[in-house]
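Okay, structure first, notes after.
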Amino acid sequence: MEGGSTLSTSLGRITITGDAVAQIVGHTAAQCYGVVGMAARGGRVGRLLARDRLKQGISVGRSPEGLTIELHVVVEYGLNLAEVAATIRSQVAYEVERLTGLTVSAVEVHIEDVRRGS
Amino acid sequence: MTEEADLDRVRELTASALANLEQNRRRIDDLNVYPVPDGDTGTNLTLTVRAIVESLESAAAADRPTIARAVARAALMGARGNSGVIFSQIVRGAADVLGEAPSIDAAALAAALRGASDAAYRAVRQPVEGTMLTVIRELAEEAEERAAAQPSVPDLLLDVVKRGEDAVRRTPEQLAVLREAGVVDAGGAGLVEILRGIAAGVAGEPLPEAQPAEGIGFDAIHQELSRYRYCTVILVEGEELDADALEAQLERLGDSLLVVGDPSALKVHVHTDDPGAAIAAATAVGVLESVEIANMHKQTVEREERLLEAVPDAEPNASDVVAVVAGEGNRRIFESLGAARIVEGGQTMNPSAADLVSAVEAARAPEVIVLPNNENVVLAAGQAAGLASKPVELIRADTIQSGLAAMVVFDGSRSAAENAAEMRAALDSVATGEVTIASRDVELDGLAIRKGNYFGLVDDNPVAEGESFDEVAGAVVERLLAEPRDVLTLLTGEGAPALDALLRRLEEDHPGVEVDVQEGGQPHYPLLLSAE
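Chains A and B are the protein sequences, given in the same order. For the first sequence, our numbering assigns the number 153 to the initial residue and increments by one for each residue that follows. For the second sequence, our numbering assigns the number 7 to the initial residue and increments by one for each residue that follows.
Shown next, in the form of structure tokens:
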């Protein structure tokens, strides 16, 4: 997502890059209950796209309706996956909209793996 | 106790927990601003506990471990919402302990709460304090402290509930969102109500009255992000005011709508771009007592400030990477993976040890990892490691591809030694191949290579030669994929031929392999490949 998304305010314009959004998504996802890690989706592609571990497994795109966010996560074994995914979706959309003022049109959550904790 | 009595007791206690939660459901819903202010925490927890109660209704008498497993499973299946999922994990942790405990005494209860707390924390990468997690942890701490004196179970539960109330009261100190909204954590409050219900059941006492909902409302709503500019609050007085009718009218004007009160006075809260219309609607039904219009632009500015604060100047890493890389695309890839310094170089353009030393010194981290990424550079890198003033780990990556494999597992928050161990292991996980152009006639391992022809290598062994790039590249790919592989990475070089034919062939012959093409831009090698 080169160039980023722009918010106009009376004080001037604010440009928020896809990278910045991905950072927010990464922070938020790490705090979502049930998420124990991010999956490196797409083999090297996914990992190559990530600047660091925080953005691993996250891609941010744009559509006319707003930001589209994809996350690939690892969830703790023994949790209700549908509920965990639903929570991630709403929490990520909410935090991104709250912190950036941009509209989120879609959040796709892929549970790539479940971790069987100790 | 008999199995029948065990089951009856568990039914009784869960029913008591559910009843107390239901009494407080609305209040807990109203508290809910975190993680998303959608006002459903009380409802979600209630549905989760109800699922447990219902599953127990149909359960057959069994030994305690079986009942415990059934409860944990019902919580898992019935979990609703974020709070429900956390609660299901709490239940599982507690049930694991209670199912196995020889008798349910104070010590068993303390161990169960500890198990619940541990299980709850285990399932999240970054636990957020000031939430249900904090509350369950404090419950466990309290129980452990008290259990030493061997109190009765009902007494212990009373103390634990009290500590829970206290922990909930302190949640706004720990979580800014709660503080700003002037509420306590909804999930934590719900957890305490569940435990209060159980405590009453254990003591054989009636449930206490529901806690009054106090001090929440408008502030909580302000946490919700609004697209509208004006926050409008109107107090309207009149006779037989109809809240629902007014609400229906205001709904069209904006969001975050709240109309509360009684038929003689209603308080209206709405975020709208047209506060005038809201006032008109209120005037039509009664007399305005007070009007308050706030421009939420200020809040937007604050939000922007928060956003900027969220990106502080990065602290130096614990360790940095200096990588020797040829090709603009490859440089970008290494940089995007977190390499702090790139030194230009490769097959025919070897950087000096001095170049590498100055890159190592320029890195901000106190320790550095050097990736030579070419066998001709390994020696200079080794010398640089000895000359530099800070500790240097040399990773003997002899190709760009293996360097990438190592780079992927790098984590700047770890020491150079820790990174080095993982990065070295990663080197072994990939097989690498190259397609290059022969600069002279030569015979290698029985393969006659003509000057100007393409030839392909896999792990440094020549595998194909010819005039056709597609054939040579195809042969390299086949060799790389001779063992089952998941991912094939292709780095295209300077002036590389089109890959269309190769990619088509890959798709047909190896549909299960994920192919990742990146523009590497390296000289001399039209194609670098790695398979893992």
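Cβ atoms here follow ideal geometry from the backbone N, Cα and C, with glycine treated the same way.
**Q.** Contact test: Gly84 of chain B Cβ vs the ligand MN heavy atom, cutoff 8 Å
**A.** This structure does not include the ligand MN; it has no bound ligands of any sort.
Q.
Under DSSP, the alpha helix (DSSP H) around Pro468 of chain B begins and ends at which residues?
A. Locating residue 468 of chain B in the second sequence gives position 462, counting from the first residue. First-last for Pro468 of chain B: Asn467 to Gly472, but that is the beta strand (DSSP E), not the alpha helix (DSSP H).
**Q.** Buried or exposed by the 16-neighbour rule on C-beta atoms within 10 Å, applied to Gly195 of chain A
**A.** Residue 195 of chain A sits at position 43 when you count from the first residue of the first sequence. Because the pLDDT at Gly195 of chain A is just 47, under 50, the model does not fix this residue reliably, and the point stays unresolved.
Q.
Cβ closer than 7 Å: which chain B residues qualify as neighbours of Gly189 of chain A?
A. Within the first sequence, the letter at position 37 stands for residue 189 of chain A. Taking a Cβ-Cβ threshold of 7 Å, the residues of chain B close to Gly189 of chain A are Arg131, in chain order.
Q) Would a check of beta-carbon distances place Ala202 of chain A closer than 9 Å to chain B? A) Taking the first sequence and counting its residues from 1, the one referred to as residue 202 of chain A is at position 50. Confidence is the limiting factor: at Ala202 of chain A the pLDDT is only 42, short of 50, which leaves the residue's position unreliable and the question unanswerable from this model.
Q) Between the beta-carbon of Tyr236 of chain B and the beta-carbon of Ala300 of chain B, is there less than 9 Å? A) Within the second sequence, residue 236 of chain B is the residue found at index 230, counting from 1. Within the second sequence, residue 300 of chain B is the residue found at index 294, counting from 1. Contact flag set, yes.
Q.
So for Thr167 of chain A, helix, strand or coil by DSSP?
A. In the first sequence, residue 167 of chain A corresponds to position 15, counting from 1. Three-state DSSP puts Thr167 of chain A in a strand.
**Q.** Reference Gln407 of chain B; option with closest CA among B:Gly418, B:Ala329, B:Ala371 and B:Leu362
**A.** For the purposes of this step, residue 407 of chain B is identified with residue 401 of the second sequence, where counting begins at 1. Distances from the CA of Gln407 of chain B to each of B:Gly418, B:Ala329, B:Ala371 and B:Leu362 were compared; the closest alpha carbon is that of B:Ala329.
Q: Name the residue from B:Val130, B:Asn88, B:Ile73 and B:Glu171 whose alpha carbon lies nearest to the alpha carbon of Leu104 of chain B.
A: Here the question's residue 104 of chain B lines up with position 98 in the second sequence. With respect to the C-alpha of Leu104 of chain B, the residue from B:Val130, B:Asn88, B:Ile73 and B:Glu171 having the closest C-alpha is B:Ile73.
(Q) Residues in the same chain with beta-carbon distance under 7 Å from Val190 of chain B, minus the five sequence neighbours each way, listed in chain order, please. (A) Taking the first residue of the second sequence as position 1, residue 190 of chain B is located at position 184. Excluding sequence neighbours, Val190 of chain B sits near Leu37, Val174, Arg175, Thr177, Pro178 and Leu184.
Q: Grab me the residues of Gly45 of chain B's own chain with a C-beta within less than 6 Å of its C-beta, minus the 5 sequence neighbours each way, in chain order.
A: Against the second sequence, residue 45 of chain B aligns to sequence position 39. Cβ neighbours of Gly45 of chain B beyond the five flanking positions: Asp35 and Asn38.
Q. Who does Cys237 of chain B pair with in a DSSP beta bridge?
A. On the second sequence, residue 237 of chain B is found 231 positions in, with the first residue counted as 1. B:His277 and B:Ala300, per the DSSP bridge assignment.
Q: Name the residue from A:Gln208, A:Thr158 and A:Val226 whose alpha carbon lies nearest to the alpha carbon of Val266 of chain A.
A: Walking along the first sequence from the start, residue 266 of chain A turns up at place 114. Comparing Cα-Cα distances from Val266 of chain A to each of A:Gln208, A:Thr158 and A:Val226, the minimum goes to A:Val226.
Q: Indicate whether the contact test is met: 3 or more Cβ pairs, each with one atom in the region 20 to 33 of chain B and one in the region 244 to 263 of chain A, closer than 8 Å.
A: Note that the region 20 to 33 of chain B does not touch the region 244 to 263 of chain A; fewer than 3 beta-carbon pairs, one per stretch, sit closer than 8 Å.
(Q) Looking at chain A, is there any beta carbon in it that lies within less than 9 Å of the beta carbon of Gly223 of chain B? (A) Locating residue 223 of chain B in the second sequence gives position 217, where the first residue counts as 1. Since pLDDT at Gly223 of chain B reaches only 45, below the 50 mark, its modelled position is unreliable, and the value read off the structure follows with that caveat. False, the Cβ-Cβ gap to chain A never drops below 9 Å.
Q.
By the 7 Å beta-carbon criterion, what residues does the region 231 to 258 of chain A contribute toward chain B?
A. For the region 231 to 258 of chain A, residues whose beta-carbon sits nearer than 7 Å to a beta-carbon of chain B comprise Leu231, Asn232, Glu235, Val236, Thr239, Ser242, Gln243, Tyr246, Glu249, Arg250, Leu251, Thr252 and Gly253.
Q: Report the rounded CA-to-CA distance for Glu373 of chain B versus Ala426 of chain B, giving the unit in angstroms.
A: Counting from one through the second sequence, the residue named residue 373 of chain B turns up at place 367. Counting from one through the second sequence, the residue named residue 426 of chain B turns up at place 420. If I take the Cα positions, the gap works out to 11 Å.
Q | Within-9 Å CB hit, Ala182 of chain A to chain B | A | Along the first sequence, one-based indexing puts residue 182 of chain A at 30. Chain B places a beta carbon closer than 9 Å to that of Ala182 of chain A, counting this residue as a contact.
Q. Should Gly282 of chain B be labelled buried (16 or more other beta-carbon atoms within 10 Å of its own) or exposed?
A. Within the second sequence, residue 282 of chain B is the residue found at index 276, counting from 1. Residue burial is scored here from C-beta neighbours: Gly282 of chain B has fewer than 16 other C-beta atoms within 10 angstroms and is therefore classed as exposed.
Q: Tell me whether Arg131 of chain B sits in a helix, a strand or coil according to DSSP, three-state version.
A: Looking up residue 131 of chain B in the second sequence gives position 125. Arg131 of chain B carries a coil assignment under DSSP once its states are collapsed to helix, strand and coil.
Q: May I ask you to list, following chain order, the residues of the region 86 to 98 of chain B that have a beta carbon less than 9 Å from some beta carbon of chain A?
A: So the close ones are Arg86, Gly87, Asn88, Ser89, Gly90, Val91, Ile92, Ser94, Gln95 and Arg98.
Q | Nearest candidate by alpha-carbon position, reference Gly452 of chain B, set B:Pro468, B:Ala444, B:Gly462 and B:Tyr460 | A | As a first step, residue 452 of chain B is located in the second sequence; it is residue number 446 there, counting from the start. If we check each option's Cα against that of Gly452 of chain B, B:Pro468 comes out closest.
Q. In chain B, what lies closer than 9 Å to Gly170 of chain A by C-beta?
A. As a working mapping, residue 170 of chain A is identified with position 18 in the first sequence. Residues of chain B passing the Cβ test: none, with the nearest at roughly 13 Å.
Q | Simplified DSSP state of Tyr460 of chain B, which is helix, strand or coil | A | For the purposes of this step, residue 460 of chain B is identified with residue 454 of the second sequence, where counting begins at 1. Per DSSP, reduced to three states, the secondary structure at Tyr460 of chain B is strand.
Q.
Measuring CB atoms only, is the region 119 to 132 of chain B touching the region 156 to 164 of chain B, in the sense that at least three cross pairs come out at less than 8 Å?
A. With the cut-off at 8 Å, the region 119 to 132 of chain B and the region 156 to 164 of chain B do not touch.
Q. Can you tell which of A:Gly253, A:Glu260 and A:His262 has its C-alpha closest to the C-alpha of Ala172 of chain A?
A. Numbered from its first residue, the first sequence carries residue 172 of chain A at position 20. Distances from the alpha-carbon of Ala172 of chain A to those of A:Gly253, A:Glu260 and A:His262 put A:Gly253 closest.
Q. What are the start and end residues of the beta strand (DSSP E) that includes Leu343 of chain B?
A. Counting from one through the second sequence, the residue named residue 343 of chain B turns up at place 337. In this chain, Leu343 of chain B is not harboured by any beta strand (DSSP E), its DSSP state being neither H nor E.
Q. Excluding sequence positions up to five away, which residues of its chain have a Cβ less than 7 Å from the Cβ of Cys184 of chain A?
A. In the first sequence, the residue the question calls residue 184 of chain A occupies position 32. Around Cys184 of chain A: Thr239, Ile240 and Gln243.
Q. Got a sec, what are the start and stop residues for the beta strand (DSSP E) Thr495 of chain B sits in?
A. Position 489 of the second sequence holds residue 495 of chain B. In the DSSP assignment, Thr495 of chain B falls within the unbroken beta strand (DSSP E) covering Val493 to Thr498.
Q) Which residues in chain A sit within 9 Å of Met429 of chain B, going by Cβ to Cβ distance? A) Here residue 429 of chain B is taken as the residue at index 423 of the second sequence, counted from 1. Taking the beta carbon of Met429 of chain B as reference, no residue of chain A falls within 9 Å; the closest one sits roughly 14 Å away.
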